[in-house]
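Asker: If you scroll down you'll find the structure; I have some questions about it.
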Amino acid sequence: MLSEQSYKKILNYFDKHLWDGKTTDTNWNYYGLILDWYFDNSVLCIDYLDIVDFFDYNGGFGFEDDQYLSEQYGNIPSGKHLQVLENILNILKHSTVNKEQSNHMIEMVTKVLKREYVKINNPDTGYLTIKPDDILDSGSYCNIVRVREGVLRKELISIFQNDEKLKKRMRYEFENMQKLQGCPAILNVYDFDLETHSYLMEQCEKNLYKYLEDEMELSFEEKIKIIIDILTGMAFAHKNSIIHRDLHLGNILKIGNDFVIADFGLSKDLSIERSMKSSYTEKNNHLFVDPLAMSDFTKLDQKSDVYSVGKIIDYVFTHNTSDPNHIFKTIVERCISRNRDLRYETAHHVLNEVESILKNQDQVENIQNTINKILNNHYDAQVHDFIIDLTETDRISKFIVEHRLSTFWRLVLRFESGYQAKILQSISYNYSEATGYGGWPNYDIFAQISYNLCLNSGDLDVRKIARRILEGCAGIRYSAQNLLEQLPS
């Protein structure tokens, strides 16, 4: 199917060759599209009033000669792209103007369209037609063919229809993927045809490589979604004794918001013995394959899949960025270690490590959010639990000094009197140590807290503890002594 990028490249190509100097009937010179000149010198002008009528009848388009084709048709719905190109190519084909150049343009555009699996029927006479090819993609030995909306068929290329080894591989791939159908991160396959050695599968939008190229910038959450989906699929495969051995960006496919693993053509079921042995010369995507495969492909195992997973994680998190560091850098280093003894045993272990890091990150973020609430004197259940935990572990005084919380008394008043007394008791035991035995200005923080609690707390026991703290600070700081003298006797 013609990509948006290729479509716009073709329009720009036409603009380059079909934009030239023009002259109006009143001898006014300007630059514009000369496609109307080609049209006027073709048999098409017999059936249509002019080029505007031609574009209108064939697709309901407008046409302006003073605007580039890329400006007029660059942002139309993708379903109309081929009709626009068909119109332009037919004008070039039927025009008597610059036949050599016209034929060259038709030839160049035809090559691009064929690369994108678009069918071009260009008979010697009559109209040239363009339509999507049923073949959506091709590999080294098979085609992916459209069956109907949402359903594709993977089949051997015609020249390999009698290749017994490839027939077995297709069957083996299908069987291994069928064993993994309980996992949503594995591509669904069904209906193996024994006659043609083909099978049906669900249709995807694009592979991971194309997705990463198309997206200028992915959020952290989007990257995590990709990695978790891949690890979930590979962990399930390893749990069921299936190794992939060919995992790379090209066989990780996007379906809706999910990413699924496909192409188990080189996979191996470790739980059974097969007569079909893998060749030690199999080729793989060299960026993601375990270096072990370079010497002997048959030695690839679960740790080889782990290597590929590590390379994919690193690629996803460093793509389109100059910073090689990311949250999973340590995991990646262990996945791709040349010392295989240091690698994770299976993808499940990698998944556990990733989830552990994410959980710890969430905890750190939650703690920081709670601290921010405290700094802004905001009280809620999280703040309550956090402060009580600091109190019960005698860390509240140090926390107050670290964040210079001279207004902490406002939060203390939000607690019930019993909790207020506990908080102040902990402060009274540890505030001297928290000041650093020499951090004299830190006494002012506790003096402010205790002074304001003496004035505002309605609990007598709380006021007594607060006064005792203020008296201790007053013995060291004159400013605290002044606050103590301001208290009613």
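Here the sequence shown is numbered in the UniProt record's numbering, starting from 1 and rising by one per residue.
We treat Cβ as the ideally placed atom computed from N, Cα and C, and that holds for glycine.
Rounding to the nearest angstrom, what Cα-Cα distance links Gly475 and Leu390 in this structure?
Answerer: For the purposes of this step, residue 475 is taken as residue 475 along the sequence shown, with counting starting at 1. For the purposes of this step, residue 390 is taken as residue 390 along the sequence shown, with counting starting at 1. Looking at the two C-alpha atoms, the distance is approximately 27 Å.
Asker: According to DSSP, what are the bridge partners of Lys22?
Answerer: What you label residue 22 is simply residue 22 of the sequence shown in a count that begins at 1. In the DSSP output, where bridge partners are listed per residue, Lys22 has Tyr30.
Asker: Given a cut-off of 8 Å, decide if Met105 and Leu92 are closer than it, judged by their beta-carbon atoms.
Answerer: Working through the sequence shown from its first residue, we reach residue 92 at position 92. Working through the sequence shown from its first residue, we reach residue 105 at position 105. Yes, Cβ-Cβ distance for Leu92 and Met105 is below 8 Å.
Asker: Please report how far the alpha carbon of Lys8 lies from the alpha carbon of Glu107, in whole angstroms.
Answerer: For this step, residue 8 is matched to residue 8 along the sequence shown. For this step, residue 107 is matched to residue 107 along the sequence shown. In a straight line, the C-alpha of Lys8 is about 17 Å away from that of Glu107.
Asker: Taking the beta strand (DSSP E) that Asn90 falls in, what are its first and last residues?
Answerer: Along the sequence shown, one-based indexing puts residue 90 at 90. Asn90 -> not in any beta strand (DSSP E); alpha helix (DSSP H) instead, spanning 81-94.
Asker: Alpha carbon to alpha carbon, what distance is there between Leu200 and Lys179?
Answerer: As a working note, residue 179 is residue 179 in the sequence shown. As a working note, residue 200 is residue 200 in the sequence shown. Between Lys179 and Leu200, the C-alpha separation is close to 15 Å.
Asker: I'd like to know if Gln368 contacts chain B, where contact means its C-beta is closer than 8 Å to some C-beta of that chain.
Answerer: Of the chains in the structure shown, none is chain B; there is only one protein chain.
Asker: Could you name the residues that DSSP lists as bridge partners for Ile252?
Answerer: Looking up residue 252 in the sequence shown gives position 252. Ile261.
Asker: Buried or exposed: Ile367, going by 16 or more other Cβ atoms within 10 Å of its Cβ?
Answerer: Looking up residue 367 in the sequence shown gives position 367. The residue in question, Ile367, is exposed, as its Cβ has fewer than 16 Cβ neighbours within 10 Å.
Asker: What does Met201 pair with, by DSSP beta-bridge criteria?
Answerer: As a position in the sequence shown, residue 201 is number 201, starting the count at 1. Leu152, Val189.
Asker: Could you give the DSSP three-state label for Arg146: helix, strand or coil?
Answerer: Position 146 of the sequence shown holds residue 146. Arg146: strand per DSSP, three-state reduction.
Asker: Is the Cβ-Cβ distance between Asn87 and Gly60 less than 8 Å?
Answerer: Mapped onto the sequence shown, residue 87 falls at position 87. Mapped onto the sequence shown, residue 60 falls at position 60. In this structure, Gly60 does not lie closer than 8 Å to Asn87 by Cβ.
Asker: Evaluate the contact criterion for the segment 225-236 versus the segment 341-359: three or more CB pairs, one atom per stretch, below 8 Å.
Answerer: Verdict: yes, contact present.
Asker: Going by DSSP, what residue range makes up the beta strand (DSSP E) through Pro441?
Answerer: For the purposes of this step, residue 441 is taken as residue 441 along the sequence shown, with counting starting at 1. It is not in any beta strand (DSSP E) - Pro441 instead sits in the alpha helix (DSSP H) that spans 441-456.
Asker: In the DSSP assignment, find the alpha helix (DSSP H) that holds Asp47 and state where it starts and stops.
Answerer: Translated into positions along the sequence shown, residue 47 becomes position 47. That run of the alpha helix (DSSP H) goes 44-47.
Asker: Taking Val316 and Ile226 to be in contact with their CB atoms under 8 Å, please state how far apart those CB atoms are, rounded to whole angstroms.
Answerer: Counting from 1 along the sequence shown, the entry for residue 316 is found at position 316. Counting from 1 along the sequence shown, the entry for residue 226 is found at position 226. With a Cβ gap of about 6 Å, Val316 and Ile226 count as contacting.
Asker: Taking 7 Å as the limit between beta carbons, can you name the residues of its chain near Cys454, skipping five residues before and five after?
Answerer: By one-based count along the sequence shown, residue 454 stands at place 454. Arg463, Ala466, Arg467, Leu470, Leu487, listed in sequence order.
Asker: Taking only the alpha-carbon atoms, compute the straight-line gap between Tyr141 and Ser78 and give it to the nearest angstrom.
Answerer: Indexing the sequence shown from 1 puts residue 141 at position 141. Indexing the sequence shown from 1 puts residue 78 at position 78. Between Tyr141 and Ser78, the C-alpha separation is close to 30 Å.
Asker: Exposed or buried, which one is Val289 when buried takes at least 16 other CB atoms within 10 Å?
Answerer: What you label residue 289 is simply residue 289 of the sequence shown in a count that begins at 1. Looking at its Cβ environment, which holds 16 or more other Cβ atoms inside 10 Å, Val289 is buried.
Asker: Okay, do the segment 31-51 and the segment 142-161 touch, 3+ Cβ pairs below 8 Å being the bar?
Answerer: Flag = no, the segment 31-51 and the segment 142-161 do not touch.
Asker: Is it buried or exposed for Ile331, if we count other Cβ within 10 angstroms and need 16 for buried?
Answerer: As a position in the sequence shown, residue 331 is number 331, starting the count at 1. The residue is buried, with at least 16 neighbouring Cβ atoms inside 10 Å.
Asker: Just to confirm, are Leu33 and Leu11 a CB contact at a threshold of 8 Å?
Answerer: In the sequence shown, counting from the first residue as 1, residue 33 sits at position 33. In the sequence shown, counting from the first residue as 1, residue 11 sits at position 11. Taking 8 Å as the Cβ cut-off, Leu33 and Leu11 do not qualify as a contacting pair.
Asker: Which term fits His378, buried or exposed, when burial requires 16 or more other beta carbons within 10 angstroms of its beta carbon?
Answerer: Sequence index remark: in the sequence shown, residue 378 carries index 378 (1-based). His378 is exposed by the Cβ-count criterion.
Asker: Would the beta-carbon of Asp20 fall within 8 Å of that of Tyr31?
Answerer: Position 20 of the sequence shown, counted from the first residue, corresponds to residue 20. Position 31 of the sequence shown, counted from the first residue, corresponds to residue 31. Result yes, Cβ atoms of Asp20 and Tyr31 sit closer than 8 Å.
Asker: With burial defined as no fewer than 16 other Cβ atoms inside 10 Å of the residue's Cβ, what is the status of Met276: buried or exposed?
Answerer: Locating residue 276 in the sequence shown gives position 276, where the first residue counts as 1. Note that Met276 scores a pLDDT of 36, beneath 50, so its modelled location is shaky and nothing firm can be said.
Asker: I'd like to know whether the C-beta atoms of Ser198 and His248 end up nearer to each other than 8 Å.
Answerer: Working through the sequence shown from its first residue, we reach residue 198 at position 198. Working through the sequence shown from its first residue, we reach residue 248 at position 248. Contact flag unset, no.
Asker: Suppose you measure from the CA of Tyr478 to the CA of Leu411; what does that come to, to the nearest Å?
Answerer: Taking the first residue of the sequence shown as 1, we reach residue 478 at position 478. Taking the first residue of the sequence shown as 1, we reach residue 411 at position 411. Spanning the two alpha carbons is a distance of roughly 26 Å.
Asker: Around the Cβ of Ala381, are there at least 16 other Cβ atoms within 10 angstroms (buried) or fewer (exposed)?
Answerer: Here residue 381 refers to the residue found at position 381 of the sequence shown. That one is exposed.
Asker: Who pairs with Val118 in a beta bridge, going by DSSP?
Answerer: Here the question's residue 118 lines up with position 118 in the sequence shown. Val118 pairs with Pro132.
Asker: Given that a residue counts as buried once 16 or more other Cβ atoms are within 10 Å of its Cβ, and exposed if not, what is Ser457?
Answerer: The residue you call residue 457 lines up with position 457 of the sequence shown. Ser457 comes out buried.
Asker: Verify whether the separation of the beta carbon atoms of Asp89 and Lys131 is less than 8 Å.
Answerer: Here residue 89 is taken as the residue at index 89 of the sequence shown, counted from 1. Here residue 131 is taken as the residue at index 131 of the sequence shown, counted from 1. First, the residue type needs correcting, since residue 89 is Leu and not Asp in the sequence shown. The answer is no: Cβ separation not under 8 Å.
Asker: With DSSP collapsed to three states, give me the class of Ser479.
Answerer: As a first step, residue 479 must be located in the sequence shown, where it is residue number 479. DSSP places Ser479 in helix when its eight states are reduced to three.
Asker: For Glu205, which residues of its own chain have a beta-carbon under 6 Å away from its beta-carbon, when the five flanking residues on both sides are left out?
Answerer: In the sequence shown, counting from the first residue as 1, residue 205 sits at position 205. Lys254, listed in sequence order.
Asker: Buried or exposed: where does Thr435 fall if 16 or more other Cβ atoms within 10 Å of its Cβ makes it buried?
Answerer: Looking up residue 435 in the sequence shown gives position 435. It is buried - the Cβ of Thr435 has at least 16 other Cβ atoms within 10 Å.
Asker: With a floor of 3 residues, list each beta strand (DSSP E) that falls wholly inside the segment 371-404, ordered by position along the chain.
Answerer: Whole beta strand (DSSP E) segments, 3+ residues: zero.
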